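Below: the structure, in structure tokens.
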């Protein structure tokens, strides 16, 4: 049975003035980076595959190209992936993922409240974010993900999904 991800579920009680509210949770930077890596690879997969494939095809005529394809695969790509990781791991959106937070979804507005804890006594201010026009929250692994109106396709917000939500 398909359910609308914004409907009220037992573990996400309705709040006054809000459609859905989560318990306090911490998704962690690794959960954020997993989503970023998937988005980056989906946008750049064509050249990740095309370059070694072209070199492999060229090696049918000149054998040196197979070594170039291997060097690209095993020397160039790890460096590129490392640069992508450090670019987005140090992004403010990734840094905010380590704070305990509570999400309230109200129509197209997502309110992210950061909750102080023993490990994080000083937390950022509450954020009022707008879900990207024409976009709906979707399930990705253990989390619901909503794209946020912003300059980058890597600006999104996550909250734990219930097991019964499809």
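Residue numbers (our numbering): 93 to 258.
The beta carbon of each residue, even a glycine, is placed where N, CA and C say it ideally should be.
The structure presented is a predicted model; accordingly, all values stated were derived computationally and were not measured.
* Using only alpha-carbon positions, find the residue among 220, 214, 218 and 242 that is nearest to residue 227. => Ranking 220, 214, 218 and 242 by Cα distance to residue 227 puts 242 first.
* Where does residue 114 sit, in a helix, a strand or coil, going by DSSP? -> Note: residue 114 maps to coil in three-state DSSP.
* To do: Pair every Cβ in the region 120–128 with every Cβ in the region 174–185, then say whether three or more of these pairs are closer than 8 Å.
  => Under the 8 Å Cβ criterion, the region 120–128 counts as touching the region 174–185, having at least three qualifying pairs.
* With distances taken Cα to Cα, identify the nearest neighbour of residue 114 among 225, 248, 205 and 218. => Of the candidates 225, 248, 205 and 218, the residue whose Cα lies closest to the Cα of residue 114 is 205.
* To do: Could you round the C-beta distance between residue 202 and residue 221 to whole angstroms and report it? I think they count as a contact, below 8 Å.
  => Going by Cβ atoms, the distance from residue 202 to residue 221 rounds to 5 Å, so yes, they are a contact pair.
* Taking residue 225 as the reference, which of 238, 219, 193 and 213 has the closest Cα? -> Closest by C-alpha distance to residue 225, out of 238, 219, 193 and 213, is 238.
* **Start-to-end residues for the beta strand (DSSP E) that takes in residue 195** => It spans 193–198 - the beta strand (DSSP E) in which residue 195 sits, taken as one unbroken run.
* **Continuous beta strand (DSSP E) stretch holding residue 231: start and end** => 230–232 is the extent of the beta strand (DSSP E) around residue 231.
* Count the other CB atoms within 10 Å of the CB of residue 253; is the residue buried (16 or more) or exposed (fewer)? -> Result: buried.
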